[in-house]
Each structure stands twice: as C-alpha cells, then as structure tokens.
Amino acid sequence: MELLDQFVVTMLRSSTPIILAAVAGLFAIRAGVFHLGMEGLMLAGAFTAVAAGTAAGSVWVGLASAVAVCLVLSVLYWILIDRLRADTVIAGLGLTAICVGGTAFLMQAIFSQRGSMQSSVHLPRPVRGIDSGLLSFVSELSVLTWVLPVLVLMCWILLTRSRLGLQIAAVGEYPYGAEASGVNQSRIRLYAVLVTGVGCALAGAQLSVGDLSAFSENMTNGRGFVALAAMLFGARSPLYTALAGLFFGFADAFGILMQIHADGTVPLQFVLMAPFIVTIAIVCLSSSIGRRQRRC
Amino acid sequence: MNAVGMNILRFGTPVVAAFLLCGLFFAVAGYDVWEAMLGILEGAVTGPGSFRQTLRWSIPMVLIALGFMISFRTGEFNIGGQGQLMLGGLGAVTVGLLVPGPATLILPLAIFAGICAGGLWSAIAGFLKLRYGADEVITTLMLNFIAVGFIQWVTVGPLKDEAVRGETASTKRVDETLRLTGGDGVSPAMLCVAALAILAAWLIAERTPFGLKSRLVGANALAALWQGIPVQRLRLWAYLLAGGFAGLAGALEVLGPNGRLVTNATPTIGFTAIVVSIVGMSNVPGIILAALLFGGLQAAILFLPIVSDLPNSGLRIVEGLIAAIVTARFVHLRRQKRP
C-alpha cells in the first residue's frame, strides 16, 4: 500500500508542471507558434518564484512575479517572431538559452549562490490531516495540483468554446483566411503566446516552490520540451494533452521508483525513453492520417 | 555595397548587438565589464594555449553546423545534431574498444563507424518525415532525448568502466594509439581530419549535382519535382549527410580530447552548432568564421572564472541572445505553420 501511495504522489507531482505548461502551450501551438522557448520560460518562472518569494517573504508575491516575468519574456518573444519575423524555432531555442544562462547568472549575481539555492517559502498544501489510510498521499500535493483540473477545464472552454479559441485556431490553420475574415493575426498570436507564458510561469513555480522549496541550475531539465511532446501526444486537444501529461508523469514516477526498488530486469533508461518513443509514434500516426485525409 | 558585405553586415550586427546588450546588462548588474571582456579575449585568443582551446571547441561545432547546413539547404530543419553527435561517439567507441587490430586500420574504421551511426540516427527522422510526414523538428528533438537515455544506458551497462566511481558514468578509455590528440584536443592529425571534412562539405554543397539540386529543392520543392529531381531520395541523403557530419564530430570527440564516451560531456554543443550554421549564413566560409567565434566563446566560458568575478553563465546569455535575434526580419527563413 505504501508503495502505491508513493507512486501516486510521485506521479501527480511529476505531471503537474508538465500538464500546466502543456495545456497552456496549446494556445501557442494552435496559433501556429511551435514554442521551443517554453523550457526557458518555465526555468525563468521557477527562479523568479524562489527569488521574489524569498525576498518578499510571501509565496504569492513570488508566484505573481513569476507570471509577470514570463509575460514580459513572452512579449519579447512575440516581438521577435511576429514583428521582426524571426524564425520561431531558432528564436525559441535562443530564448531558452537566455533563460538557462540568465537564471544561473542572476542566482550568482544577486544571491551569490552557485548551483542551487533554497527557498524560504513554498506553496501551501491545502489538504491536511489525513495521515493514514488509502488517501494519505493527498496531504503532500501543492495547491497548484488541486486547481489543475479547474485550469484544464478553463483552457478547454477557452480553446474550443470561446471566440478567442476559435480565432486562435483560425490563425494557426489558415492565417490568410483568418486575416481576410477580419481577425488581426498578430494580436491573436500575442494573446496565445501570453497565455502560454502564464502557464509556463505556474509550471516553473510548481517545480521550485511547489514541489521542492529550492531552485537549481537548469532544474526544468527538458520538461518544457516534454510538454511539447505531451501536446502532440495529446493530439492538441486540452483533455487528451492533460492525459498525456499524466502519462509522462506516470513514466517518470515509474522510473524514480524503479531506481529505488530496482530489480534490474528492464534498464531504467529504457523506461525513461519510452514516452519519447511513443511520442514519435503518435506524431507519425497522426500526420500520416492527416495526409490521407487531405488526399481524399 | 556588394552582396558579401551586405551579408556580413546582416549577420555581424546581431553578434555585435548581443555583446553590447549583454555588456550593458553586466555593467548594470555591477560587474567590471572591461575586465570581463579582456578575460573573454584572453580565454579565447590571447592567453597561453587559449587559441588551442578555441580550435578544440570550433572543430565539433563546424562539423555539426556543416551537416545542418546541408539539410537546411534542402529545406529540412534537422535540430538533432546533439543526438547524432552522441551516437557518433558511441559508434567510434564501440569499434575502438571491441574490435582488435592495428591502429592504422581501426582508427579509420572507428571514424567511419561514428559517421554511419550518426547518419543512421538522423535517417530515422528522415525516414519518418518522408514516409509518414512526421515533422522533423519534433522527431529530431525526441531522438535527442532518446540518445541521452541510450548513452546513459551504454555507459552504466554494456560498456561501463568499472574503475570509475565518480558522478558521471563513462566507458573505458580507447587505446592510446587510437587517439588523434591528447586531452587538449588539437593536433596536426585532428586539424587534417577537420580540414578534410570541411573540404568534403564544401565539395558536396557547392561542386556536386547533389548540392545544386538540394538548393533547388530547398527553394521550391514542387518546381524541383517537376524538373524530374527525385526530391524524396535527395532529402533522405541530406539527412544521412547531416547525421554523418554530426557523427564524425562525435567520433572525433571520443578519439580526440575525451578518449572515451562520457555521459553528457557536451550538452549544449548541438544547439550552439545550429546557431553557428545560421550566423554563418549557411555557407562554408561563413560557418568556419562563426564556429571560431562560438568556439572562442565556449573556451572563454571555461576560462572566465579564473580571471573575472563575472559568472560565466553570463556568456550563455550572449549565445542565446545571438540565437534569438539573428533570424529577425528574415521573411524567407520563416516557417509559417507547425503541426
């Protein structure tokens, strides 16, 4: 029972940041922006949440600052890709590199810490008091994990049932058509990138002040790219993307527990590789189906 | 002004701008920028042995960037250089450790194995793109992660060096006779191999029917198809070549400075090489210059902590900033739609 408990906690913890980033990232990808800067934005959010939260002594100030920083970075990214017509992929990779270097730089410049720094604040864990029994794991989940279903539902409504969501889809699928029907594609793309920025900030904050109460250099460790994979795995639908994020969390938890209770029949590395292989397979499948439909 | 001058202006400006912006940022953050810039210069060029370090980092960068250039010219956006580099290293170390024989025979074989391993790894993405239409940005990105896992497995499993008890797993060292260089990664033999590879890339890109056709395919694939060019086969070759060059870089890392396959030895070099290729204007002389610049930056990153209190992660910001702004206002480079 204890093992199952541990497993569920680890899975929910690992998948929360991925789902947050992935579902918010859907706004960008649906607007036609393949946002490789998400990894960097998550890292910036993680650092700002710790830095501002520790400085102000309040985790909510940290969270708000993380969102603000990611919004500013998202606007800059939008200026690059939309106003200045930079390549989305290369500018995104550049944004990620700036954030990897920038967070390490600022950590050393402001806090004189190398490698990692502790946070004096962390996100509340709202449900307490259940110390034993089947559901004892719930007391270890941060508030962001609890509001996650609501956020996913909100994104689902926004993306599929709102004017903005449909305009985003139109801009992504056929920008000239959207433009012709009176949609300002630049502005829609800005909104989409901003929503993605907020999601990445929350995802980063969950990593640093929700899960660990510390920031360390490059702590996102590719989770922003994993979130991209989850979007494609989830066929760009919010609900499936959330499930895909849960699956990545599952694989992660499986890997971590195997490290602890390893019996060595399947090498750990192959378990960790599995989601990426599955993503490739899904992408192949979905694009070959897309091809066939187009031909008819 | 002639075309070459225009291009240098176009791609040189972002580099200078990035340095100036970051210098300003460092100054605001309260660092002695002049001292730091001198430190960068010392670490990259003027210090004792510095230029050797610059060359040591420029070699893998120039090779991966040339591979990227070849596939980029056919319109394929192969960002899997990092994974292909690792697989190239794996190919070379496997032959170097497991195949017995005289060094004169095994060394070329190990290099060839690296080229093949990198090329095949890249060809997976190529095959999936051409057969199923799977976007190569995604598949190569995923293949990078898979390569990391695979190399980790190899270095803690089948090829593990039992003697090493440190943090990073690695394979056994290859025999000294198979090494092209010592630990500093520069030797006449290494420079010869690199020069040959650069020459080969130039010949392929500029002096063969393949090079000419690939530009046509990159500019307008449909028109190329109507001209009777086998577009799919050409693109698959572009993937093989791109991976081959990255694989060669990986093999040279193993047979040169590293002497063994180390997990995550150079985690950012595949990304930097893409920037090198873009800053180098996707042509051979430009890429060589850009690789020297970024190789110098890499050498300076490792050297800077010795002479300046500026955190060396600051130089990563410079690198990222160059990447972020270098393609700005290039309409023809833009990819409209992503799946």
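One line per chain: the protein sequences are A and B, in this order. So in this note's numbering, the last one in the first sequence is 302, and the numbering has no gaps at all. So in this note's numbering, the last one in the second sequence is 557, and the numbering has no gaps at all. Don't be surprised by glycine CBs; every beta carbon is placed ideally from N, CA and C.
Can you find a CB in chain B that lies within less than 8 Å of the CB of ALA241/A?
Stepping through the first sequence from its first residue, residue 241/A is reached at position 235. Taking Cβ atoms only, chain B never reaches closer than 8 Å to ALA241/A, which makes this a no.
Identify which residue in GLY298/B, GLY319/B and MET408/B has its Cα closest to the Cα of SER340/B.
Within the second sequence, numbered from 1, the residue matching residue 340/B stands at position 122. For the residues GLY298/B, GLY319/B and MET408/B, the minimum Cα distance to SER340/B belongs to GLY298/B.
Counting C-beta neighbours from all protein chains within 10 Å, is the total for GLY375/B 16 or more, i.e. buried, or is it exposed?
Within the second sequence, residue 375/B is the residue found at index 157, counting from 1. Exposed.
Does MET360/B get closer than 8 Å to chain A when you measure Cβ to Cβ?
Counting from one through the second sequence, the residue named residue 360/B turns up at place 142. Closer than 8 Å to some Cβ of chain A, the Cβ of MET360/B qualifies, so yes.
Would you grab the beta carbon distance between VAL106/A and LEU49/A for me? Rounded to a whole angstrom, and I think it's under 8 Å.
By 1-based counting over the first sequence, the position of residue 106/A is 100. By 1-based counting over the first sequence, the position of residue 49/A is 43. In this structure VAL106/A touches LEU49/A by the C-beta definition: roughly 6 Å separates them, less than 8 Å.
Please confirm whether VAL549/B has its beta-carbon closer than 8 Å to some beta-carbon of chain A.
Numbered from 1 along the second sequence, position 331 holds the residue referred to as residue 549/B. With a pLDDT of 42 at VAL549/B, under the threshold of 50, the modelled position of that residue is not reliable, and the figure given next carries that caveat. Chain A contact via Cβ: present.
Among GLU45/A, TRP66/A and LEU147/A, which residue has its Cα nearest to the Cα of ARG19/A?
Your numbering for residue 19/A matches position 13 in the first sequence. Closest in alpha carbon position to ARG19/A, among GLU45/A, TRP66/A and LEU147/A, is LEU147/A.
Interface residues of chain A around THR545/B at Cβ under 7 Å?
Indexing the second sequence from 1 puts residue 545/B at position 327. Within 7 Å Cβ-Cβ: ALA92, ASP93, ILE96 and ALA97.
Give me the chain B residues within the contact set of ILE266/A, using Cβ-Cβ distance strictly less than 7 Å, ordered along the chain.
Residue 266/A sits at position 260 when you count from the first residue of the first sequence. The contacting residues do not exist; ILE266/A stays about 16 Å from chain B at best.
If you run the structure through DSSP and keep just helix, strand and coil, what is GLN445/B?
Looking up residue 445/B in the second sequence gives position 227. It is coil, neither helix nor strand.
Note down, in chain order, every chain A residue with its Cβ under 7 Å from the Cβ of ARG534/B.
Taking the first residue of the second sequence as position 1, residue 534/B is located at position 316. Those are ALA103, VAL106 and GLY107, listed as they occur along chain A.
Looking only at its own chain, which residues have a Cβ that is under 6 Å from the Cβ of GLN370/B, when we skip the five neighbours before and after it?
Locating residue 370/B in the second sequence gives position 152, counting from the first residue. Within the same chain, GLN370/B has close Cβ partners THR481.
Can you find a CB in chain A that lies within less than 8 Å of the CB of THR357/B?
Taking the first residue of the second sequence as position 1, residue 357/B is located at position 139. For THR357/B, the answer is yes, since a Cβ of chain A falls inside 8 Å of its Cβ.
For chain A, check one thing: does any of its Cβ atoms lie closer than 8 Å to the Cβ of ASP353/B?
The residue labelled residue 353/B in the question sits at position 135 within the second sequence. Cβ-Cβ to chain A under 8 Å: yes for ASP353/B.
Using a Cβ cut-off of 8 Å, which residues of the region 520 to 531 of chain B contact any Cβ in chain A, in chain order?
Of all residues in the region 520 to 531 of chain B, the ones placed with a Cβ closer than 8 Å to any Cβ belonging to chain A are PRO529 and SER531, in chain order.
Keeping to the same chain, check which residues put their C-beta closer than 7 Å to that of GLY429/B; ignore five residues upstream and five downstream.
Within the second sequence, residue 429/B is the residue found at index 211, counting from 1. Around GLY429/B: ILE422 and ALA423.
Based on the DSSP secondary-structure assignment, which residues constitute the bridge partners of SER222/A?
Your numbering for residue 222/A matches position 216 in the first sequence. Answer by DSSP bridge pairing, in chain order: SER122/A.
Enumerate in chain order the residues of its own chain whose CB-to-CB distance from LYS403/B is below 7 Å, with the five nearest sequence positions on each side excluded.
For the purposes of this step, residue 403/B is identified with residue 185 of the second sequence, where counting begins at 1. The question names Lys, but residue 403/B is Gly in the sequence shown. Cβ neighbours of GLY403/B beyond the five flanking positions: ARG274, GLY474 and PRO475.
Please classify ARG349/B: is it buried, with 16 or more other beta-carbons within 10 angstroms of its beta-carbon, or exposed?
In the second sequence, the residue the question calls residue 349/B occupies position 131. Result: exposed.
Can you give me the C-alpha to C-alpha distance between CYS206/A and GLY462/B, rounded to a whole angstrom?
Start at 1 with the first residue of the first sequence, and residue 206/A comes out as number 200. Start at 1 with the first residue of the second sequence, and residue 462/B comes out as number 244. When rounded, the distance between both Cα atoms is 36 Å.
Could you tell me which uninterrupted alpha helix (DSSP H) segments, each at least 4 residues in length, are contained entirely in the region 62 to 89 of chain A, listed from first to last along the chain?
65 to 84
Under 8 Å between the Cβ atoms of GLY178/A and ILE24/A?
Here residue 178/A is taken as the residue at index 172 of the first sequence, counted from 1. Here residue 24/A is taken as the residue at index 18 of the first sequence, counted from 1. The answer is no: Cβ separation not under 8 Å.
Would PHE239/A pass as a contact of SER21/A if the rule is Cβ separation under 8 Å?
As a working mapping, residue 239/A is identified with position 233 in the first sequence. As a working mapping, residue 21/A is identified with position 15 in the first sequence. Taking 8 Å as the Cβ cut-off, PHE239/A and SER21/A do not qualify as a contacting pair.
Pull out every residue of the region 12 to 28 of chain A whose Cβ sits closer than 9 Å to any Cβ of chain B, in chain order.
Residues passing the 9 Å Cβ filter: none.
Out of curiosity, what's the CA-to-CA distance linking ILE288/B and SER495/B?
Looking up residue 288/B in the second sequence gives position 70. Looking up residue 495/B in the second sequence gives position 277. Note on geometry: alpha-carbon atoms of ILE288/B and SER495/B lie some 10 Å from one another.
Of the choices PHE243/B, LEU239/B and VAL263/B, whose alpha-carbon is the least far from that of LEU515/B?
As a position in the second sequence, residue 515/B is number 297, starting the count at 1. Per the Cα distances, VAL263/B.
Nearest-angstrom Cα distance between VAL246/B and ALA413/B?
Position 28 of the second sequence, counting from 1, holds the residue named residue 246/B. Position 195 of the second sequence, counting from 1, holds the residue named residue 413/B. So the alpha carbons of these two residues sit roughly 42 Å apart.
Taking SER26/A as part of the alpha helix (DSSP H), name the residues at either end of that continuous run.
Counting from one through the first sequence, the residue named residue 26/A turns up at place 20. Inspection of the sequence shows that residue 26/A is occupied by Leu rather than by Ser. Here the alpha helix (DSSP H) through LEU26/A covers 8 to 36.
Any idea what DSSP makes of THR545/B, helix, strand or coil?
Against the second sequence, residue 545/B aligns to sequence position 327. THR545/B falls in the coil class under three-state DSSP.
By Cβ distance, which residues of its chain are closer than 6 Å to PHE282/A, with the 5 residues on each side in sequence left out?
Locating residue 282/A in the first sequence gives position 276, where the first residue counts as 1. Closer than 6 Å at the Cβ level, and outside the excluded window around PHE282/A, lies no residue.
For GLY462/B, which residues in chain A fall below 7 Å Cβ to Cβ?
For this step, residue 462/B is matched to residue 244 along the second sequence. Neighbours of GLY462/B on chain A: none; closest Cβ ~21 Å, over 7 Å.
Kindly identify the DSSP beta-bridge partner or partners of THR389/B.
Position 171 of the second sequence, counting from 1, holds the residue named residue 389/B. Residue pairing for THR389/B: DSSP places it in a beta bridge opposite LYS378/B.
Within the 8 Å Cβ cut-off, does ALA235/B reach chain A?
In the second sequence, the residue the question calls residue 235/B occupies position 17. No, its Cβ sits nowhere closer than 8 Å to a Cβ of chain A.
Using a beta-carbon distance cut-off of less than 7 Å, what residues from the region 219 to 252 of chain B approach chain A?
ALA247
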